[in-house]
Every structure is written in C-alpha cells, then in structure tokens.
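Chains A and B, in that order, are what the protein sequence lines are.
Residues 53 to 297 (this note's numbering) make up the first sequence, in order.
Residues 53 to 297 (this note's numbering) make up the second sequence, in order.
Number of protein chains: 2
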Amino acid sequence: MKIDPSKPADLSAQIAAAIRDAIIGGDLIVDERLPSEAELADHFNVSRPTVREALKRLAAQSLIRTQRGASGGAFVNRLSFEDAYAQQITTSTLLLSMNAVSFDTACEARFALERACAPLSAQRRSADHLATMRAEIHRQQQPGLTDEAFCASDVAVHRALVDGAGNPVLSYQLAGAVEAMQPLMNMITFSARSREEIVAMHTELADAIEAGDGPTADAVLLRLEDYTRTLARDVMAARAARASS
Amino acid sequence: MKIDPSKPADLSAQIAAAIRDAIIGGDLIVDERLPSEAELADHFNVSRPTVREALKRLAAQSLIRTQRGASGGAFVNRLSFEDAYAQQITTSTLLLSMNAVSFDTACEARFALERACAPLSAQRRSADHLATMRAEIHRQQQPGLTDEAFCASDVAVHRALVDGAGNPVLSYQLAGAVEAMQPLMNMITFSARSREEIVAMHTELADAIEAGDGPTADAVLLRLEDYTRTLARDVMAARAARASS
DNA sequence: AGACTTTTAAATGTCAGACAAATAAAATCT
DNA sequence: AGATTTTATTTGTCTGACATTTAAAAGTCT
C-alpha cells in the first residue's frame with residue numbers, strides 16, 4: 053500500500069483511493085480483513101478519525117463492510133448485484149434530474165437497451181418471467197389502479213423482459229435506465245386511453261416473448277417507444293401552453 | 053430533514069441517508085449550501101466527527117463537494133457525466149472481477165448494448181466520431197503495437213461508435229460495460245492473426261457507419277461478437293489444458 | 001472430562017475539545 | 001477610491017477518552 057504525499061490537504065480521500073486501488077488491483081481479496089483503524093492510522097501517519105473518514109468513503113461504495121467486536125474490523129466486501137443495482141439507480145436518478153437530460157433522450161436510451169434484450173429474452177425467458185409479465189398486464193387492467201401503481205407495474209413488465217434474457221450484467225445495466233425514469237413516466241400515463249394502448253402493446257410483447265419471436269418483440273418495443281415519446285411530447289407541450297396562459 | 057431513531061448504532065450512515073434522500077427528493081437544490089458541520093451536528097444531536105463521516109460518504113458518491121474557508125461548506129454537487137462514468141466503471145469492474153461473471157456473459161451484454169447504439173450512430177455520428185474510428189483502426193495496424201495499446205485502441209473505436217449515437221445516457225450506460233472488460237480483453241487478442249481479423253471487422257464497421265447503414269453495422273457487430281466469444285472460449289480452453297498438464 | 005457461564009480483550013462507534021489552514025468579508029490605511 | 005490588513009467562519013486534522021459489541025479465553029459446575 054502506497055504512502056501519501058504530504059502536500060495536498062485531503063488525506064482521507066488519498067487513503068481511500070489507496071485502499072480502493074488495492075482492492076481493484078487484487079492486492080486485497082474478497083473477505084480479507086483490513087488492518088485495524090489504529091494500525092492503518094499508524095501506517096499512514098494520520099489520526100484515527102482521518103482513517104475512519106476514508107473507510108466511510110469506501111463503505112459508501114459498498115467496497116468494504118465493517119463489523120464490531122473482538123474479531124471485527126473492515127473487510128473487503130463482495131459487491132453484490134443488489135448493491136450494484138442500488139448504486140446504479142441512485143446515480144441514474146441524479147443524472148436525469150440534475151443534468152437536464154430530456155425525457156426524450158432518457159426514453160431513447162431505455163428502449164434501445166431494452167430492444168437489445170428482447171431477442172435474448174424471447175429465446176431464453178423462463179416460464180416464471182412470462183408469468184410475471186402476464187400477471188402484471190392483468191393488474192394493469194384493473195380500473196381502480198392509481199397512476200403510481202400502474203407505472204410500477206409497467207416497470208415490472210419491462211423488468212421481467214430484461215431479466216428474461218438471463219444475463220445479470222444486462223439486468224444491472226438496465227436497472228438504472230428503467231427505474232430512474234419511473235418518476236418521469238408517472239407524469240404521462242394519466243389517461244385511461246393511454247393505459248389501454250400500453251396494455252395492448254404489453255400484451256403483444258408478451259405474446260411475442262411467449263412465441264420466442266424476437267423480431268416481433270423488437271417491433272412492438274419500437275412502437276411502444278414511439279408511442280411513449282409522442283405522448284410525452286404532447287404532455288410537455290400541453291403543460292407549456294397551460295403555463296404560459 | 054428527518055431525525056434518526058436512537059436505536060441502532062450507525063449514526064453516520066443514517067445521517068448520510070437522510071441528506072441523500074433530501075438531495076434526491078429535491079429538497080436540496082444543486083449548488084445549495086448545506087448547514088455547517090457544527091450546525092448539522094447540533095441538528096442531529098451528534099458530534100462533529102460523526103457528521104463528517106456522513107459527509108464523506110456523500111462525497112464518495114459525488115453527491116456533495118466541500119470547500120474550506122469563510123463562505124465554504126458542503127454544497128450539493130451537480131453530478132457530472134464524467135463522475136457518473138467513473139463510478140460506473142469502478143462498479144462494473146468490481147462486479148466482473150468479484151462475482152464470477154464469465155467473460156462470455158460480459159461479452160454478450162457488451163455487444164447487445166453496442167448493437168443497440170449502432171443504428172443511432174449510423175444515423176447521427178459526426179465527422180469527428182468517424183475520424184476517430186478511422187484513426188484508431190489505422191493505429192491498430194502498426195506492427196510494433198503492444199497488446200495493451202491495441203486493446204486500448206479497440207476500446208476507443210467502440211467508444212467512438214457509442215458516442216456517435218449522441219445520447220449521453222447510452223454512453224454512460226456503456227462506459228462500464230466496455231471499459232470494465234478491457235483487462236479481460238487484453239488476454240485474448242495476442243496473436244497477429246486475431247488482430248488482422250479484428251481490424252478487418254472494424255473497417256467494415258466504420259464503412260457501414262460512414263454510409264449510414266445501421267443494419268450492416270449491426271451485422272458486423274454480431275460477427276465481431278461471435279468471433280470474440282469463440283476466440284475467448286478457445287483461449288480459456290487452451291489455458292485450462294495447459295494448467296492441467 | 002465435558003458443557004455451560006463468566007470474564008476479558010480487541011475492535012469499531014461515538015464524543016469532546018483543540019489547533020491549523022484556507023478563504024471571503026470587513027476594517028483599516030494610503 | 002483603491003489597496004492592504006485584519007478578522008471571522010468553516011473545513012481539515014489531531015489527541016484522548018469512553019461506550020458498545022463480540023469472540024475467545026478463563027473459570028465453574030455437573
């Protein structure tokens with residue numbers, strides 16, 4: 053583990069970077085125990101609070117976990133897909149909300165990625181994935197459903213589609229794109245009419261997936277993308293017009 | 053901002069979560085200044101070091117930045133695409149290295165996502181993106197090129213392809229998938245023969261992109277995927293055979 | 001001897017108070 | 001008025017201490 057140049061004033065960041073590099077570089081193996089805070093403080097010639105700040109940075113990225121007690125300490129964490137999903141969703145949500153990424157751009161990205169999954173999902177989806185899609189589509193036809201519940205169900209359908217591809221890396225990549233858009237989606241699927249259209253396309257999608265027909269699934273997604281983007285444009289335009297009145 | 057239940061013992065994590073929720077929920081706007089550490093400590097009824105650990109957690113995720121001095125403090129950070137890329141790459145690298153994700157799975161995901169970009173890139177790429185691809189392909193034909201340099205150039209070609217789609221969300225999503233695989237790719241493109249094949253396909257790809265021909269670009273990527281995965285399988289098999297001897 | 005209980009030690013979690021360094025605003029001087 | 005100095009605020013860091021948790025060691029009883 054390297055030592056820090058004494059010049060700049062952000063020791064905890066430097067220490068965090070040193071340990072992070074050691075983990076990524078393979079010098080520290082999964083479940084390996086790091087030296088105690090006191091030992092690290094001694095090693096880097098800093099105080100324990102400074103070491104602790106560095107460790108908290110790493111903990112925030114799920115790179116380490118800590119355990120109290122006699123044989124406790126900081127351990128290199130095996131980054132689970134769940135942790136990765138959560139980080140991905142947080143990051144994506146912030147990117148969309150803070151960087152003036154238009155709904156249109158986000159939507160294009162989302163459907164592009166989903167269409168990449170469609171042929172794989174058509175080929176490999178389990179009965180379980182298909183059943184989930186069917187169940188969610190059925191729920192979407194309930195009259196009393198709130199907008200939030202409808203959108204959550206919408207996400208669940210697409211999630212099942214992606215998971216059906218059986219590639220956890222793809223599922224991870226898409227988690228952010230799909231989930232981060234949900235708040236935006238909530239604003240545009242308000243009318244009974246649009247729900248009807250969406251349910252119809254979901255049904256077609258499920259049929260294609262059931263039949264193992266990738267190209268048709270792709271075509272449905274393309275139409276769904278087009279419909280969603282047009283709907284969003286109209287909603288935004290209407291909102292803008294109302295705002296200026 | 054909510055208060056923490058006094059029960060569990062991880063105050064800094066709770067405080068970090070409270071502030072994070074405030075940022076994601078829009079209660080704290082970009083560039084808004086948070087209360088000083090002393091004020092936060094008073095607010096949450098904890099000590100300053102505890103507050104600092106919470107702030108370092110947020111800083112590790114690029115959610116805040118801090119500034120020393122009279123009118124300094126912690127400010128809500130506008131998450132830049134660059135920061136998001138970096139996090140994405142770190143997370144993806146760890147996922148691949150620690151979760152026994154096979155090269156094959158990662159490769160499938162990568163090409164699926166790239167193929168999603170291909171039609172968009174064929175339609176919208178700038179002259180700059182195309183020039184970058186051509187230049188990198190030219191470099192790949194230099195005889196003295198190291199394996200690392202060849203692979204870096206390979207990544208640059210695919211990067212230019214993805215960026216050519218003009219969708220920053222897609223670029224962000226793909227950054228992890230492509231860059232995280234580079235170390236693995238280094239191991240399989242060692243022979244002159246494979247370089248030759250790859251350069252040929254890169255050239256076809258650039259031609260298709262230049263002609264605005266999405267379907268052909270897609271077909272080339274499909275062949276490149278197949279070639280890469282086959283090559284990787286052979287290399288792995290050879291390595292396994294050598295190891296058992 | 002073997003199983004259960006108690007003690008102990010090591011580690012993280014938290015706190016308090018202090019000083020250093022940076023920085024912008026206020027006060028002062030030319 | 002403009003330039004310079006002072007001052008106040010805030011983060012960065014250190015020292016030292018105590019609380020809490022937890023596993024292992026020591027001790028005790030059957």
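C-beta: ideal position from N, C-alpha, C; glycine also.
Would you mind working out which of B:Ser246, B:Ile76, B:Gln234 and B:Ile75 sits nearest alanine 158 of chain B, comparing C-alpha positions?
By 1-based counting over the second sequence, the position of residue 158 of chain B is 106. Cα-wise, what sits closest to alanine 158 of chain B is B:Gln234.
Throw me the rounded Cβ distance for the threonine 143 of chain A and glycine 228 of chain A pair, which I believe falls under 8 Å.
Residue numbering aside, residue 143 of chain A sits at position 91 when the first sequence is read from its first letter. Residue numbering aside, residue 228 of chain A sits at position 176 when the first sequence is read from its first letter. About 7 Å separates the two Cβ atoms, so the contact holds.
Pop quiz: leucine 236 of chain A and glutamate 166 of chain A are said to be a contact at Cβ under 8 Å. What is the actual Cβ separation, rounded to whole angstroms?
In the first sequence, the residue the question calls residue 236 of chain A occupies position 184. In the first sequence, the residue the question calls residue 166 of chain A occupies position 114. Incorrect: roughly 16 Å between the Cβ atoms, too far for contact.
Is it true that the CB of valine 272 of chain A sits closer than 8 Å to the CB of methionine 253 of chain A?
For the purposes of this step, residue 253 of chain A is taken as the residue at position 201 of the first sequence. For the purposes of this step, residue 272 of chain A is taken as the residue at position 220 of the first sequence. Yes, Cβ-Cβ distance for methionine 253 of chain A and valine 272 of chain A is below 8 Å.
Just to confirm, are serine 173 of chain A and isoleucine 261 of chain A a CB contact at a threshold of 8 Å?
In the first sequence, the residue the question calls residue 173 of chain A occupies position 121. In the first sequence, the residue the question calls residue 261 of chain A occupies position 209. A contact, by the Cβ cut-off of 8 Å.
Output needed in chain order: residues of the stretch 136 to 152 of chain B with a Cβ under 9 Å from some Cβ in chain A.
Cβ contacts with chain A come from Ala136, Gln139, Gln140, Thr142, Thr143, Ser144, Thr145, Leu146, Leu147, Leu148, Ser149, Met150 and Asn151.
For the beta strand (DSSP E) holding glutamine 119 of chain B, just list the boundary residues, first then last.
One-based indexing of the second sequence puts residue 119 of chain B at position 67. That run of the beta strand (DSSP E) goes 116 to 119.
Taking only the alpha-carbon atoms, compute the straight-line gap between proline 267 of chain B and glutamate 256 of chain B and give it to the nearest angstrom.
Here residue 267 of chain B refers to the residue found at position 215 of the second sequence. Here residue 256 of chain B refers to the residue found at position 204 of the second sequence. Cα-Cα distance, rounded: 12 Å.
Can you confirm whether threonine 133 of chain B, when its beta carbon is compared against all beta carbons of chain A, has any partner nearer than 8 Å?
Numbered from 1 along the second sequence, position 81 holds the residue referred to as residue 133 of chain B. A small fix is needed here, since residue 133 of chain B is phenylalanine in this sequence, not threonine. For phenylalanine 133 of chain B, the answer is yes, since a Cβ of chain A falls inside 8 Å of its Cβ.
Take asparagine 129 of chain A as the anchor and find which of A:Arg85, A:Ser99, A:Gln192 and A:Ala183 has the nearest alpha-carbon.
Looking up residue 129 of chain A in the first sequence gives position 77. Answer by Cα proximity: A:Arg85.
Should the stretch 96 to 114 of chain B be called in touch with the stretch 106 to 125 of chain A, which here means at least 3 C-beta pairs below 8 Å?
Output reads yes: the stretch 106 to 125 of chain A touches the stretch 96 to 114 of chain B.
Closer than 8 Å, CB to CB, is alanine 174 of chain A near chain B or not?
On the first sequence, residue 174 of chain A is found 122 positions in, with the first residue counted as 1. It does not; no Cβ of chain B falls within 8 Å.
Within the stretch 89 to 140 of chain A, note down every full alpha helix (DSSP H) run reaching 4 residues or more, in order along the chain.
For the stretch 89 to 140 of chain A, whole alpha helix (DSSP H) runs of length 4 or above, ordered along the chain, are 89 to 96 and 100 to 112.
For arginine 275 of chain A, does the three-state DSSP call read helix, strand or coil?
Here residue 275 of chain A refers to the residue found at position 223 when the first sequence is read from its first residue. It is helical.
With 8 Å as the threshold, decide whether the Cβ of serine 99 of chain A is near any Cβ in chain B.
As a working note, residue 99 of chain A is residue 47 in the first sequence. No - not a single Cβ of chain B is within 8 Å of the one on serine 99 of chain A.
Tell me whether threonine 85 of chain A sits in a helix, a strand or coil according to DSSP, three-state version.
In the first sequence, residue 85 of chain A corresponds to position 33, counting from 1. First, the amino acid is wrong: residue 85 of chain A is arginine here, not threonine. If DSSP states are grouped into helix, strand and coil, arginine 85 of chain A belongs with the strands.
Would you say glutamate 160 of chain B reaches chain A, if we count a Cβ-Cβ gap shorter than 8 Å as a contact?
Working through the second sequence from its first residue, we reach residue 160 of chain B at position 108. It does; some Cβ of chain A falls within 8 Å.
Quick check on this structure: which residue in B:Asp156, B:Ser149, B:Arg162 and B:Asp135 has the alpha carbon closest to the alpha carbon of methionine 150 of chain A?
Indexing the first sequence from 1 puts residue 150 of chain A at position 98. Taking only the C-alpha atoms, the option nearest methionine 150 of chain A is B:Asp135.
Starting from arginine 177 of chain A and walking both ways along the alpha helix (DSSP H), at which residues does that stretch end?
For this step, residue 177 of chain A is matched to residue 125 along the first sequence. First-last for arginine 177 of chain A: undefined, no H or E at that position.
Can you have a look at leucine 274 of chain A and say buried or exposed, based on whether 16 or more other CB atoms are within 10 angstroms of its CB?
Position 222 of the first sequence, counted from the start, is the residue given in the question as residue 274 of chain A. Classification of leucine 274 of chain A: exposed, given that the 10 Å Cβ count is below 16.
Go ahead and pull the three-state DSSP assignment for glycine 266 of chain B.
Working through the second sequence from its first residue, we reach residue 266 of chain B at position 214. In the structure shown, glycine 266 of chain B sits in a helix (DSSP, three-state: H, G or I).
Count the other C-beta atoms from every protein chain shown that fall within 10 angstroms of the C-beta of threonine 198 of chain B, then say buried if there are 16 or more, exposed otherwise.
If you number the second sequence from 1, residue 198 of chain B lands on position 146. The residue in question, threonine 198 of chain B, is exposed, as its Cβ has fewer than 16 Cβ neighbours within 10 Å.
Taking Cβ positions only, does cysteine 169 of chain B come closer than 8 Å to chain A?
One-based indexing of the second sequence puts residue 169 of chain B at position 117. Yes, its Cβ sits closer than 8 Å to a Cβ of chain A.
Nearest to alanine 258 of chain B by CA position, among B:Thr184, B:Tyr137 and B:Arg117, is which residue?
For this step, residue 258 of chain B is matched to residue 206 along the second sequence. Ranking B:Thr184, B:Tyr137 and B:Arg117 by Cα distance to alanine 258 of chain B puts B:Thr184 first.
Could you have a look at glutamine 234 of chain A and say whether DSSP puts it in helix, strand or coil?
If you number the first sequence from 1, residue 234 of chain A lands on position 182. If DSSP states are grouped into helix, strand and coil, glutamine 234 of chain A belongs with the helices.
Would you identify the three-state DSSP class for alanine 152 of chain A, choosing helix, strand or coil?
Stepping through the first sequence from its first residue, residue 152 of chain A is reached at position 100. Here alanine 152 of chain A sits in coil by DSSP.
Shortest alpha-carbon distance to serine 154 of chain A belongs to which of A:Ala232, A:Glu105, A:Ser297 and A:Arg245?
For this step, residue 154 of chain A is matched to residue 102 along the first sequence. Among A:Ala232, A:Glu105, A:Ser297 and A:Arg245, the Cα nearest to that of serine 154 of chain A is on A:Ala232.
How about phenylalanine 268 of chain A: is its C-beta nearer than 8 Å to some C-beta of chain B?
Stepping through the first sequence from its first residue, residue 268 of chain A is reached at position 216. According to the sequence as given, residue 268 of chain A is threonine; it is not phenylalanine. No - not a single Cβ of chain B is within 8 Å of the one on threonine 268 of chain A.
Have a look at proline 220 of chain A and serine 88 of chain B and give me their C-alpha separation to the nearest angstrom.
One-based indexing of the first sequence puts residue 220 of chain A at position 168. One-based indexing of the second sequence puts residue 88 of chain B at position 36. Using only the alpha carbons, I get a separation of about 42 Å.
So that I know if they touch, is there some Cβ in chain B lying closer than 8 Å to that of glutamine 66 of chain A?
Against the first sequence, residue 66 of chain A aligns to sequence position 14. Closer than 8 Å: no.
From valine 98 of chain A to glycine 125 of chain A, what does the alpha carbon distance come to, in whole angstroms?
Here residue 98 of chain A refers to the residue found at position 46 when the first sequence is read from its first residue. Here residue 125 of chain A refers to the residue found at position 73 when the first sequence is read from its first residue. Each residue's alpha carbon lies about 18 Å from the other.
Alanine 284 of chain A and isoleucine 240 of chain A: beta carbons closer than 8 Å?
Counting from 1 along the first sequence, the entry for residue 284 of chain A is found at position 232. Counting from 1 along the first sequence, the entry for residue 240 of chain A is found at position 188. In this structure, isoleucine 240 of chain A lies closer than 8 Å to alanine 284 of chain A by Cβ.
Can you give me the start and stop residues for the alpha helix (DSSP H) that isoleucine 71 of chain A sits inside?
By one-based count along the first sequence, residue 71 of chain A stands at place 19. Segment 63 to 76, the alpha helix (DSSP H) holding isoleucine 71 of chain A.
What is the rounded straight-line gap between the Cα of alanine 93 of chain B and the Cα of arginine 247 of chain A?
On the second sequence, residue 93 of chain B is found 41 positions in, with the first residue counted as 1. On the first sequence, residue 247 of chain A is found 195 positions in, with the first residue counted as 1. Between alanine 93 of chain B and arginine 247 of chain A, the C-alpha separation is close to 48 Å.
Once DSSP output is grouped into helix, strand and coil, what is the label at threonine 282 of chain A?
Here residue 282 of chain A is taken as the residue at index 230 of the first sequence, counted from 1. Note: threonine 282 of chain A maps to helix in three-state DSSP.
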